[in-house]
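Participant: Residue numbers (this note's numbering), protein chains in the order written: chain A, 444 to 556; chain B, 28 to 137.
Next up is a structure, given as structure tokens.
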């Protein structure tokens, strides 16, 4: 199946831990994104990578570090997790220069306890 | 600035038409989108419209764009219970970012 896939789907962890979320797309897109959806369903862009290069870096704490080993993968590592990091994190991809919208993964629900 | 606004809730009866409204502030937006999010799922692209168009129809979906008023709407004809979801309006601006509204939760009652 052609898709954007994220793992894990659910992540429950304690405050202070470090965790990673992985994302892979097999759509041949050259741009990937991380979005955060809070408890009120508000979606905010965090990062964007184009061909492994960081192009958008919104006001996000330094504890969040994206890594793109190749243009099909974009991982998100979070250090020293806080309660306020609890949210659903969505990975998305698109083809730069085309405007058919983004294709989203199904999300990772992170709960920090 | 970047701001996309939607009303939070809409309730309709099955078979009626639903109209979900959205306003945006960035006049340089090139494309505007409607996404659907079902519970526990990701966002599914429903349709999009280029900023030089004023209407686009796709089966039961009709998108209307009033660029002067920066107003976008999505009409769903013959709304079904399976249409119950959160609908997000989004604008793609010249900053290269897809900016979302808060989402409108559509509830379809049988």
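For glycine and all other residues, C-beta sits at the position ideal for the given N, C-alpha and C.
Taking Cβ positions only, does residue 72/B come closer than 8 Å to chain E?
Facilitator: Absent from the structure is chain E; the protein chains it does hold are A and B.
Participant: Please report the residue range of the beta strand (DSSP E) in which residue 40/B lies.
Facilitator: Run containing residue 40/B: 36-40, per the beta strand (DSSP E) assignment.
Participant: Between the segment 71-91 of chain B and chain A, which residues of the former have CB atoms less than 8 Å from a CB of the latter, in chain order?
Facilitator: The residues in question are 71, 72, 75 and 77.
Participant: I need the DSSP call for residue 526/A, collapsed to helix, strand or coil.
Facilitator: In this structure, residue 526/A counts as helix in the three-state DSSP scheme.
Participant: Residue 463/A lies in the beta strand (DSSP E); which residues open and close that run?
Facilitator: Unbroken beta strand (DSSP E) run through residue 463/A: 462-468.
Participant: Have a look at residue 28/B and residue 51/B and give me their C-alpha separation to the nearest angstrom.
Facilitator: With a pLDDT of 49 at residue 28/B, under the threshold of 50, the modelled position of this residue cannot be trusted; read the value that follows with caution. Rounded to whole angstroms, residue 28/B to residue 51/B spans 9 Å at the Cα level.
Participant: Is it buried or exposed, residue 65/B, if we count other Cβ atoms within 10 angstroms and call 16 or more buried?
Facilitator: Looking at its Cβ environment, which holds fewer than 16 other Cβ atoms inside 10 Å, residue 65/B is exposed.
Participant: Note down, in chain order, each residue of its chain lying with its Cβ closer than 8 Å to the Cβ of residue 74/B, except the 5 sequence neighbours on either side.
Facilitator: Around residue 74/B: 60, 61, 83, 85, 88, 90 and 101.
Participant: Would residue 549/A count as contacting chain B if we go by Cβ distances under 8 Å?
Facilitator: It does; some Cβ of chain B falls within 8 Å.
Participant: Verify whether the separation of the beta carbon atoms of residue 497/A and residue 490/A is less than 8 Å.
Facilitator: Cβ atoms of residue 497/A and residue 490/A: closer than 8 Å.
Participant: Please list the terminal residues of the continuous beta strand (DSSP E) segment that includes residue 31/B.
Facilitator: 31-33 is the span of the beta strand (DSSP E), which, as asked, contains residue 31/B.
Participant: Please classify residue 28/B: does DSSP put it in a helix, a strand, or coil?
Facilitator: Confidence at residue 28/B is low in this model, with a pLDDT of 49, below 50, so its placement is unreliable and the value that follows should be read with caution. Coil at residue 28/B, not helix or strand.
Participant: Report yes if the C-beta distance between residue 531/A and residue 550/A is below 8 Å; otherwise report no.
Facilitator: Contact: yes.
Participant: Which residues, in order along the segment 508-522 of chain A, keep a beta-carbon less than 7 Å from a beta-carbon of chain B?
Facilitator: Those residues of the segment 508-522 of chain A that come within reach of chain B (Cβ to Cβ, closer than 7 Å) do not exist; the list is empty.
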